[in-house]
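First up is the structure itself, then whatever we jot down about it.
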Amino acid sequence: MQLTRRQTRVVTRICWVLSLSLVAVPFVFPFLWMISSGFKSATEIFGQPSLIPNVWRWNNFLEVFDYQPFARQYFNSIYIACAVTGITLILSSLAGYALARMRFAGAGLLMLFLISALMVPEEVTIVPNFFLMRWLGVMDTHVPLILLPVFGPHGVMATFLMRQYFVALPKELEEAGKMDGLSRLGIWWKVALPMSRPALAAVAIITFLFSWNLFLEPLVFLSSLENFTLPLALSNFTDPYGAPLWHLQLAATSLAVVPILVVYLIAQRQIIESFAMSGVKG
Amino acid sequence: MSGLKLSNLSKCFGKAEVIRGVDLEIEDGEFVVFVGPSGCGKSTLLRMISGLEDITGGDLWIGDRRMNEVQAARRGVAMVFQSYALYPHLTVKQNMGFGLKVRKEKPAEIARRVEDAARTLQLGSLLDRYPRELSGGQRQRVAIGRAIVGHPDVFLFDEPLSNLDAELRVHMRAEIAALHKRLRNTMVYVTHDQIEAMTLADRIVVLRDGRIEQVGSPRQLYSRPDNIFVAQFIGSPKMNICAASDLAGPLSRAGVDTSGAVQVGLRPEHLRLVPEQQGLMTGQVVISEYTGSGSLLHVEVAGVGTMLVLSEGQEGPRPDDTVYLAIDPGNVHMFDADGLARRAEDAGVSASGAMVAER
Amino acid sequence: MVALNDTEATARRNSVPWLTLRRREAIEGWLFVSPTLIGFLIFFLGPLIAVVFYSLSEWNLLSQRATYVGLDNYADALTANRDFWHVIRNSIFFAAGLVPLNMALALALAIALCRPGPGVVFFRTVFFAPVVTSAVAWAIVWRFLLQGEAGAVNQLLAHVGIDGPNWLREPNWAMVAVIVTRVIKMVGLNMILYIAALQAIPRDYEQAARLEGASGWQIFRMVTWPLLAPTTLIIMVITTIGSFKVFDHIYLMTGGGPENGTLVLAYYIYEQAFEFFDIGYASALAMIMFVIVLALTIVQLLLRQKGSA
Chain A
1 MQLTRRQTRV VTRICWVLSL SLVAVPFVFP FLWMISSGFK SATEIFGQPS LIPNVWRWNN
61 FLEVFDYQPF ARQYFNSIYI ACAVTGITLI LSSLAGYALA RMRFAGAGLL MLFLISALMV
121 PEEVTIVPNF FLMRWLGVMD THVPLILLPV FGPHGVMATF LMRQYFVALP KELEEAGKMD
181 GLSRLGIWWK VALPMSRPAL AAVAIITFLF SWNLFLEPLV FLSSLENFTL PLALSNFTDP
241 YGAPLWHLQL AATSLAVVPI LVVYLIAQRQ IIESFAMSGV KG
Chain B
1001 MSGLKLSNLS KCFGKAEVIR GVDLEIEDGE FVVFVGPSGC GKSTLLRMIS GLEDITGGDL
1061 WIGDRRMNEV QAARRGVAMV FQSYALYPHL TVKQNMGFGL KVRKEKPAEI ARRVEDAART
1121 LQLGSLLDRY PRELSGGQRQ RVAIGRAIVG HPDVFLFDEP LSNLDAELRV HMRAEIAALH
1181 KRLRNTMVYV THDQIEAMTL ADRIVVLRDG RIEQVGSPRQ LYSRPDNIFV AQFIGSPKMN
1241 ICAASDLAGP LSRAGVDTSG AVQVGLRPEH LRLVPEQQGL MTGQVVISEY TGSGSLLHVE
1301 VAGVGTMLVL SEGQEGPRPD DTVYLAIDPG NVHMFDADGL ARRAEDAGVS ASGAMVAER
Chain C
2001 MVALNDTEAT ARRNSVPWLT LRRREAIEGW LFVSPTLIGF LIFFLGPLIA VVFYSLSEWN
2061 LLSQRATYVG LDNYADALTA NRDFWHVIRN SIFFAAGLVP LNMALALALA IALCRPGPGV
2121 VFFRTVFFAP VVTSAVAWAI VWRFLLQGEA GAVNQLLAHV GIDGPNWLRE PNWAMVAVIV
2181 TRVIKMVGLN MILYIAALQA IPRDYEQAAR LEGASGWQIF RMVTWPLLAP TTLIIMVITT
2241 IGSFKVFDHI YLMTGGGPEN GTLVLAYYIY EQAFEFFDIG YASALAMIMF VIVLALTIVQ
2301 LLLRQKGSA
């Protein structure tokens, strides 16, 4: 039987959807399994697998808070991420603006210097930073978790992202600001920043997630439970022998992941664009 | 209000010298236009006055203050930008009041001044709109309004009309002229359009390669250009320039002595079509471009070359017609080997006689 | 007009102040960058220099103070009396598995999802979701799913008659599991970079080729793929560098095991520094990592330059 053009198109479309759906399974399945297992009892988790729990144990989500100071840890992650994001936004846009717009001796050299920083992984500098922080007496505090991301390769990336955006803005607006009597700081704050909302949003999004998901630094610098951040706390749901307490761990992981996922689903377009911006330019 | 004095002003970008020793005095209340081909430095010169570009050498005085190292906002000047430079995140009212707010003016005073300016420019109904909601002409008016509000001593315009369509440009030109008449401020205006320069200026400054070629009233520049560059730059269509030796014969018949001149300039609108017996030159029409009020003729004159001739009236000559050209002696421009004008008073003799006779 | 008879006043006004507009701009410029610059010097450049010195010292639990030993730490690593070459082999194996798999999948997904249409946004959202999820959460869940017999993956495989291995307890399978789960986590990022590149290719080329009778595969081979080459090169280097930095994923899924089967460089540095406290040796390893990444970055910059030329 000869298919009409229309029919061919429909068949192609169905194949397209089916194959993409198949590929999507390992992307979606872990999330679903994580959430459903968070509701299961310790015994059911190892029984016959099913996506719908036999008994919905809401209790798991309460136990999470008994086992560790989870609320405190949650709060730690939020406020550290906010602090890192806020400081990064201000510093990267200040430096990015200067590199984009101001003429000063050494600017070119400085650019080169910063570019070189982009390529050095945190793993390389973490050992000396460990001793630096110990010397400063800020071990087991959140100071290193705020300072290192702000001044590490991520901060440099944010600076470059801002610079790229400022370079493309029309210059005359800032000159009008100058004629209106604004200082440099005033031009930056009242003219350049209001026009750079897309870039600021991108930096804010990727910086927040970067800090939120940080693991190596908390692992190295933190030792007391009430100072832990979420990623470190999640890895810590184990019995005295070090074996994971799956039902609690998965319930806690769900609590950590689902809010981010909800925000992502609402603002997916903006978030994906932010990563594209940083990826292309970084 | 105050005048300006530029003395030996220069500007380098790295090794490139874009302004080379400009001397100029601008009277209080004068409307001065900088013209010149693109890249001549006219915008740079304006930006040096505004404070947006720093000054490499020489002195800039506004009123009796030396301004070289004074910040832009403290020079008592306001600038209207080519792209209008309205803040996209502020309304028309906020845009116009922004500078005053930065200078910590009282809100009541800001409101009063913005209203005043809005009335002057008929912007009343647009005050709460955002720049993106305005047409090009309206944006232009807001940009001017923003400049007015600060009561500056000197207004600077950087090609303010070049983003508008032709009709609007004529209209805004008239508005700017009216504004100058009302405010009586010193205004410095940059354009590459010589018609704009001619219509607006008290005095025109013609620039080339960072140097002043000539300063004068529009009438002076048109009738007494100092050199070939100015002669050709001012006036449309362009002045015909021919070798003096080729035209010595015909012009002597009109009583013009070309001795000492190397080149001779004849404006297309000054060349007249005359009957054969009055003709100084004979030529053949190659192309005839109808312009509505008349025709622009490309005439091949034997031994001289192609000349542009502006003929009035609907019934002009056709291609291949033979035409006879004449010119009044007073309209002949002569230039020496360096392209500088040779005036009657320099030559001393017969040309001046002819000019007097003409009057 | 300018009329100054008072010569003193003229002199005063003519004297150039020290703070010229140009100097003012330079000072302001440095002030704007100074917070970033100072922090960067303290927390980044300083430590980077320190690593060099550490790496030339013997400094571990036994010798509490650092003593200069020259290149001993490097010799230690390179002459194979430690796990170094094993770790390098693992790292290369990890990169060699991860990079092609990641890029091929990213490109395939990008081609499927580069044109707008029903369902496209949904699928893009799905494939990108793991990128915004923390690596820790991702690793925990997969570790759970990949447990021996009780794990969901093996139970699922059992349904179709496959007897799955104990993924994370057998060295070779552990490496495979780590690579595949990492690809699923990060492929979304390269996918959107490829989508951006594909959307930047004018459709005229494809339409012209189609008019000349080229098939879909031919168009891809002869038109799309060559035009994507610059993007492909950049993505390749970025992904390779990224693969050398992977730490949290492996820390949580396998802890470098079993039998050091997934012990890669980043993890090895952490282990030597913070578990065995061999600072000198760990610093030498960090320097080696730095050199590897530096070399890859220079390759990337050269390729980028060639691409734009």
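Residue numbers (the numbering used here), protein chains in the order written: chain A, 1 to 282; chain B, 1001 to 1359; chain C, 2001 to 2309. For every residue, glycine included, the Cβ atom is placed at its ideal position computed from N, Cα and C. Values in this document were obtained by computation on a predicted structure and should not be read as measured data.
For K1011(B), the enclosing beta strand (DSSP E) stretches over residues 1004-1013. The residues A1326, in chain order, have a CB closer than 6 Å to that of R1272(B) in the same chain once the five nearest residues on each side in sequence are set aside. The beta-carbon of R2210(C) is placed no less than 8 Å from the nearest beta-carbon of chain B. Along the length of the segment 2151-2196 of chain C, whole beta strand (DSSP E) runs at least 3 residues long do not occur. Here F27(A) really is in contact with V2126(C); their C-beta atoms are around 5 Å apart, less than 8 Å.
Under the three-state reduction of DSSP output, V138(A) falls in the coil class, being neither helix nor strand. Boundaries of the alpha helix (DSSP H) harbouring H154(A): 153-168, taken from the DSSP string. Within the segment 2067-2112 of chain C, the complete alpha helix (DSSP H) runs of at least 4 residues fall at 2072-2078. Taking a Cβ-Cβ threshold of 7 Å, none of the residues of chain C is close to E226(A); the smallest such distance is about 19 Å. DSSP places R1343(B) outside both helix and strand once states are collapsed to three, so it counts as coil.
When secondary structure is reduced to three states using DSSP, G2261(C) falls in the coil class, being assigned neither helix nor strand. Residue pairing of D1059(B) in beta bridges, as defined by DSSP: S1007(B).
Membership of F1034(B) in the beta strand (DSSP E) is indicated by the continuous run 1031-1035. Taking C-alpha positions only, P2202(C) is separated from C2114(C) by approximately 13 Å.
Judged by beta-carbon spacing, G1150(B) lies beyond the 8 Å limit of L1200(B), meaning their Cβ atoms are not closer than that value. For G38(A), the closest Cβ of chain C is not nearer than 8 Å. A distance of 8 Å or more separates the beta carbons of P2130(C) and I2042(C). Interface flag for E1276(B) against chain C is unset, since no Cβ pair is found closer than 8 Å. No Cβ-Cβ contact shorter than 8 Å links E1300(B) with Q1277(B).
Between E1030(B) and chain C, the shortest Cβ-Cβ separation is not below 8 Å.
The shortest C-alpha to C-alpha distance from A256(A) to any of V138(A), F75(A), L148(A), L169(A) is the one to F75(A). Here I2269(C) is buried: its Cβ has 16 or more other Cβ atoms, across all protein chains shown, within 10 Å. Under a criterion of Cβ atoms nearer than 9 Å, the residues of chain C adjacent to R103(A) are, in order, R2022, E2025, A2026, G2029. At a beta-carbon threshold of 8 Å, the residues of chain C lying near Y97(A) are F2032, ordered along the chain.
Rounded to whole angstroms, the separation of the alpha carbons of L2145(C) and A252(A) is 16 Å. The continuous beta strand (DSSP E) containing C1242(B) extends over residues 1240-1243. Contact note: A42(A) does not reach chain C at a C-beta cutoff of 9 Å; the least C-beta distance is about 12 Å. Taking 7 Å as the Cβ-Cβ cut-off, the segment 1044-1063 of chain B approaches chain A at S1050, L1052, given in chain order.
M111(A): member of the alpha helix (DSSP H) spanning 107-118, first to last residue. With respect to G2256(C), E2271(C) sits close: the two C-beta atoms are nearer than 8 Å. The beta strand (DSSP E) runs lying completely inside the segment 1104-1177 of chain B and spanning 3 residues or more are 1154-1158, given in chain order.
Per DSSP, S1259(B) lies in no beta strand (DSSP E) segment and is marked neither H nor E. Against chain A, a Cβ distance below 8 Å from Y2054(C) picks out V127, P128. The three-state secondary structure of F228(A), taken from DSSP, is coil. Residue state for N129(A) is assigned as helix, using DSSP reduced to three classes. With a contact defined as Cβ atoms closer than 8 Å, L1308(B) and L1296(B) qualify at about 6 Å.
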